[in-house]
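J.:
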Amino acid sequence: EARHKNSMAPHAAALAVLTVTLLCTVNAVPVAIAPEAPTKPGCQTCMTMVENMQDMVKSANQTYEETCMKYLDTNVCDKLPADVQDNCKSIVSQEIPDIWEQIINDYLDPKTTCDKLSLCSLEAAPSPDVQCKLCKKAATWLDKNIFEDPDMEAKVAERLKELCSKLSDKGKEIEKKCEDMIDDDVADMMANIGKQLATDLCKDIGACPEPGPKPTPKL
Numbered sequence: 002e003a004r005h006k007n008s009m010a011p012h013a014a015a016l017a018v019l020t021v022t023l024l025c026t027v028n029a030v031p032v033a034i035a036p037e038a039p040t041k042p043g044c045q046t047c048m049t050m051v052e053n054m055q056d057m058v059k060s061a062n063q064t065y066e067e068t069c070m071k072y073l074d075t076n077v078c079d080k081l082p083a084d085v086q087d088n089c090k091s092i093v094s095q096e097i098p099d100i101w102e103q104i105i106n107d108y109l110d111p112k113t114t115c116d117k118l119s120l121c122s123l124e125a126a127p128s129p130d131v132q133c134k135l136c137k138k139a140a141t142w143l144d145k146n147i148f149e150d151p152d153m154e155a156k157v158a159e160r161l162k163e164l165c166s167k168l169s170d171k172g173k174e175i176e177k178k179c180e181d182m183i184d185d186d187v188a189d190m191m192a193n194i195g196k197q198l199a200t201d202l203c204k205d206i207g208a209c210p211e212p213g214p215k216p217t218p219k220l
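Structure, rendered in structure tokens:
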């Protein structure tokens with residue numbers, strides 16, 4: 002009999018645990034999940050505008066990516082030994098589109114940019130005229146806080162130096178020289194792109210359309 006009671010003990014314990022679990026489940030109070038606050042129209046307009054900026058800046062064959070490629074060709078590849086220059090330029094043309102897209106995706110974030118500009122507090126969507134002014138404000142902020150920021154320049158330099166590792170078969174001395182030239186020149190490259198962005202980007206994305214020709218005065 003004692004042996005029978007001992008064999009029943011595990012089953013009784015398991016049944017007790019199952020009963021308690023079911024009771025807890027039945028009597029559990031559902032927790033309401035608060036809905037996410039809707040994005041204000043002004044903030045949504047800003048984020049859409051910055052997304053358009055992001056797409057334009059990283060688009061293949063656009064001015065900004067092209068500036069980066071030309072800068073590397075002139076300031077890095079052309080300063081390497083003659084037998085390495087063509088290989089270097091080939092690597093730049095193949096690799097820069099992906100590296101450039103990664104850089105823009107990582108550091109040009111619409112929500113962060115609009116928060117920094119205090120544009121996510123706008124209740125109403127701005128008029129087209131105001132959108133142009135906001136775009137210019139955003140472009141200037143991006144120039145100063147991304148393209149002319151020393152910490153950002155260092156991060157971009159590290160990404161660009163991935164190109165140099167692809168020259169390692171030419172010798173460590175070539176790879177090191179490539180890395181040193183990128184460190185020396187990345188600030189100027191970023192500053193040039195930032196100025197282009199501040200000057201032209203809002204026109205490029207259509208936020209600030211160029212005025213049409215003035216009507217000819219009647220005689």
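Residues in the sequence shown are numbered from 2 upward in steps of one, following this note's numbering.
Ideal Cβ placement from N, Cα and C applies to all residues, glycine included.
Bear in mind that the values here come from a model prediction, so they are computed numbers and not experimental data.
What first and last residue would you give for the alpha helix (DSSP H) that runs through I147?
T.: Note, I147: premise wrong, no alpha helix (DSSP H); not H, not E.
J.: What's the C-alpha gap between E185 and C69?
T.: This sequence places Asp at residue 185; Glu is not what is there. Going by the C-alpha atoms only, they are around 14 Å apart.
J.: Are the CB atoms of A208 and C136 nearer to each other than 8 Å?
T.: The answer is yes: Cβ separation under 8 Å.
J.: Evaluate contact between the region 84-99 and the region 169-188, counting only Cβ atoms and requiring at least three cross-stretch pairs below 8 Å.
T.: Yes: the two stretches touch, three or more of their Cβ pairs being nearer than 8 Å.
J.: Once you ignore the five residues that flank Q55 on each side, which residues in its own chain have a CB closer than 8 Å to its CB?
T.: Around Q55: I105, N106, L109 and P111.
J.: How long is the line joining the alpha carbons of P210 and D84, rounded to whole angstroms?
T.: About 47 Å.
J.: Starting from A188, trace the alpha helix (DSSP H) in both directions and tell me its first and last residue.
T.: Element bounds for A188: K173 to D205.
J.: Do you know whose CA, among L161, A140 and K196, lies nearest V51's CA?
T.: V51 has its Cα closest to that of A140, out of L161, A140 and K196.
J.: For T46, is the classification buried or exposed, using 16 other Cβ atoms within 10 angstroms of its Cβ as the cut-off for buried?
T.: Answer is buried; the Cβ neighbour count reaches 16.
J.: Look up E52 in the DSSP assignment and say whether it is helix, strand or coil.
T.: Of the three classes helix, strand and coil, the one that applies to E52 here is helix, per DSSP.
J.: Are D74 and V58 closer than 8 Å when you measure CB to CB?
T.: Not in contact: D74 and V58 (Cβ atoms no closer than 8 Å).
J.: Count the other CB atoms, across all protein chains shown, that sit within 10 Å of the CB of E174; report buried if there are 16 or more and exposed otherwise.
T.: By the neighbour-count rule (16 or more Cβ atoms within 10 Å), E174 is not buried but exposed.
J.: Quick one: residues in its chain with C-beta nearer than 8 Å to the C-beta of G195, no 5 flanking neighbours on either side, listed in chain order?
T.: Excluding sequence neighbours, G195 sits near L143, D144, K145, I147, F148 and E149.
J.: On the DSSP letters alone, give me the boundaries of the alpha helix (DSSP H) that D74 sits inside.
T.: Per DSSP, D74 belongs to the alpha helix (DSSP H) from T64 to N76.
J.: List the endpoints of the continuous alpha helix (DSSP H) containing E163.
T.: First-last of the alpha helix (DSSP H) with E163: E163 to S166.
J.: Determine the direct distance from the alpha carbon of D152 to that of E159, and round the result to whole angstroms.
T.: Cα to Cα, the separation comes out at about 11 Å.
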